[in-house]
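**Q** Before anything else, here's the structure in question.
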Amino acid sequence: GGGEASDGGAHTAQYEALGRWLVDIGRALLDPKLPPPPPTSPHVERRSAPRRRPMVAEAQTWRFQYFLRRVAKVRVWADNDGRLFDELKDIVQGYMNELALLCDRRFDELCAEPMG
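When the letters of the sequence shown are read in order and numbered with the numbering used here, they come out as residues 516 to 631.
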């Protein structure tokens with residue numbers, strides 16, 4: 516049927532494992548709570564400020580861009596009418612719900628301040 520792997524192996528164990536792996540990678544790359552990774556090579560350290568870990572926002576931006584440039588382009592995402600993207604969408608919706616709660620709490624804190 517439409518959207519399945521061209522060799523008919525869309526439902527093999529290996530294919531399903533690949534799909535799980537891609538969803539797990541997407542989950543990790545898009546998780547806003549993940550801390551930035553420590554520099555792992557002299558090359559990485561030279562590109563950032565001396566003895567400074569990358570800022571969280573910079574790390575999140577890098578992870579998102581990596582997801583777009585590398586992970587999202589894998590053709591498996593489109594197979595089975597985009598089932599894997601739907602799974603990832605549900606995961607990311609959970610992240611967005613958590614962030615919305617944090618924003619609401621911060622808004623309430625600001626409103627409770629004397630000049631709020």
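Glycine included, C-beta positions come from ideal geometry on N, C-alpha and C.
Would G631 be called buried (16 or more neighbouring beta carbons within 10 Å of its own) or exposed?
**A** To locate residue 631, count along the sequence shown from 1; it is residue 116. Its Cβ having fewer than 16 others within 10 Å, G631 is exposed.
**Q** Between the segment 612-626 and the segment 568-582, do three or more beta carbon pairs fall short of 8 Å?
**A** No, because fewer than three Cβ pairs between the segment 612-626 and the segment 568-582 fall closer than 8 Å, the two stretches do not touch.
**Q** Under 8 Å by Cβ, that's how I've got G541 and V571 pegged, so tell me the actual separation to the nearest angstrom.
**A** One-based indexing of the sequence shown puts residue 541 at position 26. One-based indexing of the sequence shown puts residue 571 at position 56. 19 Å between Cβ atoms; not a contact.
**Q** Quick one: grab the DSSP three-state call for E560.
**A** Reading the sequence shown from its first residue, position 45 is the one you call residue 560. With a pLDDT of 45 at E560, under the threshold of 50, the predicted position of this residue should be treated as unreliable, though the coordinate-derived value follows. The answer is helix: DSSP assigns E560 an H, G or I state.
**Q** Ignore the nearest five residues each way along the sequence and tell me which others in P547's own chain have a CB closer than 7 Å to its CB.
**A** Within the sequence shown, the letter at position 32 stands for residue 547. Excluding residues within five positions, the ones whose Cβ falls inside 7 Å are Q575, Y610, L614.
**Q** Please check the pair L549 and F582, which I expect to be a contact at CB under 8 Å, by giving their CB distance rounded to whole angstroms.
**A** Position 34 of the sequence shown, counted from the start, is the residue given in the question as residue 549. Position 67 of the sequence shown, counted from the start, is the residue given in the question as residue 582. Wrong, their Cβ atoms sit about 12 Å apart, outside the cutoff.
**Q** In this structure, does DSSP put L616 in helix, strand or coil?
**A** Taking the sequence shown and counting its residues from 1, one reaches residue 616 at position 101. In the structure shown, L616 sits in a helix (DSSP, three-state: H, G or I).
**Q** Sort K604, C626, D594 by Cα distance to E531 and report the nearest one.
**A** The residue you call residue 531 lines up with position 16 of the sequence shown. Closest by alpha carbon: D594.
**Q** Among residues of its own chain, excluding the 5 on either side of E602, which ones have a beta-carbon nearer than 7 Å to its beta-carbon?
**A** Within the sequence shown, residue 602 is the residue found at index 87, counting from 1. Only V538 meet the Cβ criterion.
**Q** Can you tell me whether G534 is helix, strand or coil according to DSSP?
**A** Residue 534 sits at position 19 when you count from the first residue of the sequence shown. Here G534 sits in helix by DSSP.
**Q** How big is the Cα-Cα spacing for R535 and R584?
**A** Numbered from 1 along the sequence shown, position 20 holds the residue referred to as residue 535. Numbered from 1 along the sequence shown, position 69 holds the residue referred to as residue 584. Rounded to whole angstroms, R535 to R584 spans 19 Å at the Cα level.
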